[in-house]
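I have placed the structure first, in the form of structure tokens, so that the comments after it can refer back to it.
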Amino acid sequence: MAAASVVSDRSGGLESLTDQQRTHLDLLLVLMAVVNLLRGVAIGVAEVIPGVSGGTIALLVGIYRRLIDAGATGVVALRQLLGLPGQQRGWTAAVTTSRDISWSLVLPVVLGMGAAVMGGARVIEPLLDDYPVAMRAVFFGLVAAGIAVPVRIVLRHGPWRSWWWLVFIAAAGMAFALTGLPPTNISDPSLILVALAAAVAVSALVLPGVSGSFFLLSVGLYDSTIAAVNDRNYAYLAVFALGAVVGLAAFVSLLRWLLDHRLAITMVVLSGLMLGSLRALWPWQDDDRNLQAPDSDLLLAIVLAVASGLIVVALIRLEHRFGASEEDAELNDAQ
1 MAAASVVSDR
11 SGGLESLTDQ
21 QRTHLDLLLV
31 LMAVVNLLRG
41 VAIGVAEVIP
51 GVSGGTIALL
61 VGIYRRLIDA
71 GATGVVALRQ
81 LLGLPGQQRG
91 WTAAVTTSRD
101 ISWSLVLPVV
111 LGMGAAVMGG
121 ARVIEPLLDD
131 YPVAMRAVFF
141 GLVAAGIAVP
151 VRIVLRHGPW
161 RSWWWLVFIA
171 AAGMAFALTG
181 LPPTNISDPS
191 LILVALAAAV
201 AVSALVLPGV
211 SGSFFLLSVG
221 LYDSTIAAVN
231 DRNYAYLAVF
241 ALGAVVGLAA
251 FVSLLRWLLD
261 HRLAITMVVL
271 SGLMLGSLRA
281 LWPWQDDDRN
291 LQAPDSDLLL
301 AIVLAVASGL
311 IVVALIRLEH
321 RFGASEEDAE
331 LNDAQ
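Using our numbering, the letters of the sequence shown map in sequence onto residues 1 to 335.
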């Protein structure tokens, strides 16, 4: 039985469990919390690296759909709490709605993400500066292998339709073009600009193939944001968080509707975005993001890319074995 199924059945059969079964279930819950914490760390690390999307990593580790559902439910609860029109209003309604959120997943993931962003900014940035080819090669392999996840979800819903290729190519072309924009830097951005940029950048949390860090580089706010994290500039971080919450609230509900009602074509788009975003991770490029031919590090880059790709393949197979992959989640929702 899949681990998720064991936990989902916990409330209905506790009375009939033996002490040994209770102990095993508690150990399973602790293990899942640790796994979800590590998933959050992986997503948080991705958010620090320009060109890598947290949404892509969420797909790879099998929690993308559940995070989207949790985010959309959280938006509904917040609207109820604020008394906004279109929803039942009040504290009681918000609390009732929030009970539908999988907190056992969300809390460890958020904690892991926060720790990775706060700590990863100090560790990852020097590695990117000192070993740019090797670091890009690692994540090139991760993302390239990860494209199989949305493609397999599409194929589970039937053969690839001919017009989907046009959508796929358009999405890939858009991502390719956007990741080719040269970076800029604004040393002292206004807080309004910070909030607006955060509202757009947060889409990387829910949209595979779109990197929030890469967007911040393009609009000139990456360096100032990393500096705010490292220097604990809480005013800057608070405004950034506010903009991110607003952006997330505006986008996540739409994305959940698309996943509920237009799953196949949505995954086609995500596949294209992931493919196009590989441009940002091409190991050889200059400071203005102009692509260059491979150099003497070619063999090292190939080895690292293949190794990281094989890790993704192994991870996907392991998730399938335990019924915890993104494909399994989508199949269960469909049933």
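All residues carry an ideal CB built from backbone N, CA and C; glycine is no exception.
Per-residue burial, residue i [other beta carbons within 10 Å of its own, 16 or more giving buried]
{"i": "P283", "result": "buried"}
{"i": "R122", "result": "exposed"}
{"i": "T266", "result": "buried"}
{"i": "I192", "result": "exposed"}
{"i": "S224", "result": "buried"}
{"i": "N36", "result": "buried"}
{"i": "Q339", "result": "This structure leaves residue 339 out entirely; the chain is present only between 1 and 335."}
{"i": "V34", "result": "exposed"}
{"i": "T56", "result": "buried"}
{"i": "I169", "result": "exposed"}
{"i": "D129", "result": "exposed"}
{"i": "D69", "result": "buried"}
{"i": "P126", "result": "exposed"}
{"i": "P182", "result": "exposed"}
{"i": "R65", "result": "buried"}
{"i": "G71", "result": "buried"}
{"i": "V30", "result": "exposed"}
Under the three-state DSSP convention, the category residue i falls into
{"i": "Q285", "result": "strand"}
{"i": "L255", "result": "helix"}
{"i": "R321", "result": "helix"}
{"i": "Q88", "result": "coil"}
{"i": "G276", "result": "helix"}
{"i": "I316", "result": "helix"}
{"i": "Y131", "result": "coil"}
{"i": "D69", "result": "helix"}
{"i": "L263", "result": "helix"}
{"i": "D100", "result": "coil"}
{"i": "D9", "result": "In this predicted model, D9 has a pLDDT of only 47, less than 50, meaning its place in the structure is not dependable; the value taken from the coordinates is given anyway. Residue state, collapsed to three classes: coil."}
{"i": "L28", "result": "helix"}
{"i": "D223", "result": "helix"}
{"i": "S203", "result": "helix"}
{"i": "P108", "result": "helix"}
{"i": "R122", "result": "helix"}
{"i": "G83", "result": "coil"}
{"i": "S218", "result": "helix"}
{"i": "V210", "result": "coil"}
{"i": "N230", "result": "helix"}
{"i": "S271", "result": "helix"}
{"i": "D19", "result": "helix"}
{"i": "S296", "result": "coil"}
Residues bridged to residue i (per DSSP)
{"i": "L291", "result": "Q285"}
Rounded distance between the beta-carbons of residue j and residue i, thought under 8 angstroms
{"i": "G141", "j": "T184", "result": "Not a contact, Cβ separation roughly 29 angstroms."}
{"i": "S253", "j": "V75", "result": "6 angstroms"}
{"i": "M113", "j": "I43", "result": "5 angstroms"}
{"i": "G40", "j": "V110", "result": "6 angstroms"}
{"i": "S53", "j": "L207", "result": "7 angstroms"}
{"i": "S277", "j": "A175", "result": "5 angstroms"}
{"i": "A198", "j": "A250", "result": "Rounded, the Cβ-Cβ distance is 12 angstroms, inconsistent with contact."}
{"i": "S271", "j": "V151", "result": "5 angstroms"}
{"i": "S211", "j": "A280", "result": "6 angstroms"}
{"i": "Y236", "j": "V194", "result": "6 angstroms"}
{"i": "A116", "j": "V45", "result": "5 angstroms"}
{"i": "V143", "j": "V268", "result": "With 8 angstroms as the limit, V143 and V268 do not qualify as a contact, their Cβ atoms being about 17 angstroms apart."}
In the segment 148–190, which residue ranges form an unbroken alpha helix (DSSP H) of at least 4 residues, counting only runs that do not cross its ends? 148–156 and 162–178
Which complete alpha helix (DSSP H) runs does the segment 34–62 hold, if anything under 4 residues is left out? 54–60
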